[in-house]
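Inspection log for the structure reproduced underneath, given as structure tokens.
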Amino acid sequence: MEIIHVSAECYPVAKAGGLGDVVGALPKYQTAAGHVSKVVLPMYRTKFLYEHQWDVVHKSSAYLANTWFDYTIIKERTNVLGFDLYLVDIHGLLDREKVYGYDDDVERFMSFQIAVVDWIASWKHHPDIIHVHDHHTALIPFMVKYCYQYQHLAGVPTVLTIHNAQYQGWIDWGHSDYIPHWDGWRWGMLDWNNMINPLAAGIRSCWKLTTVSWSYLQEMRLESNGLEALFEYEKGKSVGILNGIDDKVWDPAADKYLDHHFNIDSLATGKKANKDFLCQEFGLDPNKPLFIFIGRLVGEKAAELLPRAIGDSLFYINQRMNWLVLGSGETHIEWDLGNMRHFWPGVYNAKIGYNEKLSHQMYAGADFLLMPSRVEPCGLNQMYAMRYGTIPVVRRTGGLRDTVKDFGEPGGYGICFNQASIGDITQAVYRGVELYQDQRTFDALRRQVMELNFSWDISAEQYLDLYKSLVP
Ligand SMILES: Nc1ncnc2c1ncn2[C@@H]1O[C@H](COP(=O)(O)OP(=O)(O)O[C@H]2O[C@H](CO)[C@@H](O)[C@H](O)[C@H]2O)[C@@H](O)[C@H]1O
Numbered sequence: 001m002e003i004i005h006v007s008a009e010c011y012p013v014a015k016a017g018g019l020g021d022v023v024g025a026l027p028k029y030q031t032a033a034g035h036v037s038k039v040v041l042p043m044y045r046t047k048f049l050y051e052h053q054w055d056v057v058h059k060s061s062a063y064l065a066n067t068w069f070d071y072t073i074i075k076e077r078t079n080v081l082g083f084d085l086y087l088v089d090i091h092g093l094l095d096r097e098k099v100y101g102y103d104d105d106v107e108r109f110m111s112f113q114i115a116v117v118d119w120i121a122s123w124k125h126h127p128d129i130i131h132v133h134d135h136h137t138a139l140i141p142f143m144v145k146y147c148y149q150y151q152h153l154a155g156v157p158t159v160l161t162i163h164n165a166q167y168q169g170w171i172d173w174g175h176s177d178y179i180p181h182w183d184g185w186r187w188g189m190l191d192w193n194n195m196i197n198p199l200a201a202g203i204r205s206c207w208k209l210t211t212v213s214w215s216y217l218q219e220m221r222l223e224s225n226g227l228e229a230l231f232e233y234e235k236g237k238s239v240g241i242l243n244g245i246d247d248k249v250w251d252p253a254a255d256k257y258l259d260h261h262f263n264i265d266s267l268a269t270g271k272k273a274n275k276d277f278l279c280q281e282f283g284l285d286p287n288k289p290l291f292i293f294i295g296r297l298v299g300e301k302a303a304e305l306l307p308r309a310i311g312d313s314l315f316y317i318n319q320r321m322n323w324l325v326l327g328s329g330e331t332h333i334e335w336d337l338g339n340m341r342h343f344w345p346g347v348y349n350a351k352i353g354y355n356e357k358l359s360h361q362m363y364a365g366a367d368f369l370l371m372p373s374r375v376e377p378c379g380l381n382q383m384y385a386m387r388y389g390t391i392p393v394v395r396r397t398g399g400l401r402d403t404v405k406d407f408g409e410p411g412g413y414g415i416c417f418n419q420a421s422i423g424d425i426t427q428a429v430y431r432g433v434e435l436y437q438d439q440r441t442f443d444a445l446r447r448q449v450m451e452l453n454f455s456w457d458i459s460a461e462q463y464l465d466l467y468k469s470l471v472p
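In terms of full-length UniProt numbering, the sequence shown has 266 at position 266, counting the first letter as 1, and numbering is strictly consecutive.
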């Protein structure tokens, strides 16, 4: 089967969060299973671009409204990632250093999608599946169905995976001409609350809709930033498939970012060596349990609760733990978390920014990982943490609910709580501190989480079954 993934991110080419991890891993597993899985993403100016060799495979032009733009498709020469990787170069629009965050993001991702469809439309054959991810690529299912010039692609099955329904890519109706000439009777497929809503258009136009956990699929019908009724309406074509993790990249026995490798047999010494390193680097106490947070500092992750929750847990639990935070996001949260370093020297530290290497070192060296998320479609951090013998402390929501079971329940191994509140977080931290004192139980749980299998093998199979149901 030939599958084309179209995405804004793909690790290690360009990653801003979990989307990059998924698109960097799933195609690898699909290719290993004997399929042709291709990834197409914008050509940003990233390190990966300059460190690899590329061949030009297609050059053409298209319109964005009344503006004619040239695009070039280049392909990585050696298949270094384990699948075919294509980048779309649109000079002046896509060739920037960051993935998102520019004033013209609408124009950037619109022209990217047009170029991708225009390129696929020029092929002599049709791919079996076009698989798009999140709102940046969600207009593609609409375009192949309803844009006159791409009508011959209308029979190609499209799958939309929603990694995060909070962001929908809203476009003003004044820019409806950004979409190549389309069947005007279909305006209702694009509209949601008097705006063009690319995510809503993708949900309506795609053949199958998937989300990255079963629980998130249910939750979206109740809370999805305005699209609740649509998810309810389209439930017949919706499926929840839990993300996996790339167990080659995330392997404590071979992780290229770690100085001290370990496996389940050397868990105690390996974790200690990594923890000692972190504590030394960040001026923390290696004899106390180390709690970490890694992620985007935004409301969805309940990140604005962190300063109070960390402060309260240090105060009320008598500084019987250390904290290390890695993240970037809203400025006031960054500022609060950075500033706290002066109040809690020796037990708290934070690195504000994005740092892939440090994130691996933290999963390896920590005792507990906190995820108090308000919304968590799947969550990868908790799975990475467990693979590195770190106990997850999570709010019961979305994929966190599906992957972590409280150690108080039969067969459980993590710490779970219900509310994204200071009280619930502090209480959960207290349970962690107490658990750490009971070294036998704590060690047994660390072994248990390391043995859990979150590999992509199972989920990749589920995607293939879904594709097969669409291909004649
Ligand atoms: N400052 C920083 N420095 C280094 N690394 C950092 C970092 N901040 C985040 N990361 C990394 O980014 C990834 C975050 O992945 P998540 O899945 O937890 O969240 P995200 O909300 O981005 O993804 C969305 O898509 C994914 C994929 O489907 C869903 O799992 C998730 O629930 C959904 O919100 C992890 O690899 C993490 O280590």
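C-beta: ideal position from N, C-alpha, C; glycine also.
Exposure label - residue i; buried when at least 16 CB within 10 Å
i           : result
residue 476 : In the structure as shown, the chain begins at 1 and stops at 472. Residue 476 is therefore absent and cannot be evaluated.
Gly283      : exposed
Asn66       : exposed
Trp250      : buried
Glu219      : buried
Asn243      : buried
Tyr413      : buried
His125      : exposed
Glu9        : buried
His342      : exposed
Thr269      : exposed
Val88       : buried
Trp123      : exposed
Pro410      : exposed
residue 473 : Coverage of the chain is limited to positions 1 through 472, which leaves residue 473 absent and any answer about it impossible.
Integer-rounded CB distance, given that residue j should sit under 8 Å from residue i
i      : j      : result
Ser7   : His133 : 4 Å
Pro42  : Phe142 : Not quite, the Cβ-Cβ distance comes to about 19 Å (not below 8 Å), so this is no contact.
Tyr216 : Pro377 : 4 Å
Asp55  : Arg77  : 6 Å
Tyr146 : Asp183 : 5 Å
Val57  : Ile73  : 5 Å
Tyr86  : Val39  : 7 Å
Secondary structure of residue i, DSSP reduced to three states
i      : result
His5   : strand
Cys279 : helix
Glu219 : helix
Arg401 : helix
Gly327 : strand
Val375 : coil
Glu356 : helix
Tyr388 : coil
Thr178 : The amino acid at residue 178 is misidentified as Thr; the sequence shows Tyr. In the structure shown, Tyr178 sits in a helix (DSSP, three-state: H, G or I).
Thr137 : helix
Ile317 : coil
Trp173 : helix
Asn287 : coil
Trp54  : strand
Ser37  : strand
Ser224 : coil
Pro410 : coil
Leu160 : strand
Ser266 : helix
Ile129 : strand
Asp21  : helix
Cβ pair residue i, residue j closer than 8 Å
i      : j      : result
Gln382 : Thr397 : no
Val212 : Thr161 : yes
Asp21  : Asp255 : no
Pro372 : Arg395 : yes
Tyr29  : Trp456 : yes
Glu334 : Leu297 : yes
Those residues, in chain order, that have a beta-carbon closer than 6 Å to some heavy atom of ligand 1: Output, sorted by chain position: Gly17, Gly18, Leu19, Asp21, Val22, His163, Asn164, Val212, Asn243, Ile294, Gly295, Arg296, Leu326, Gly327, Ser328, Tyr354, Asn355, Glu356, Ser359, Glu376, Pro377, Cys378, Gly379, Leu380, Asn381, Gly399.
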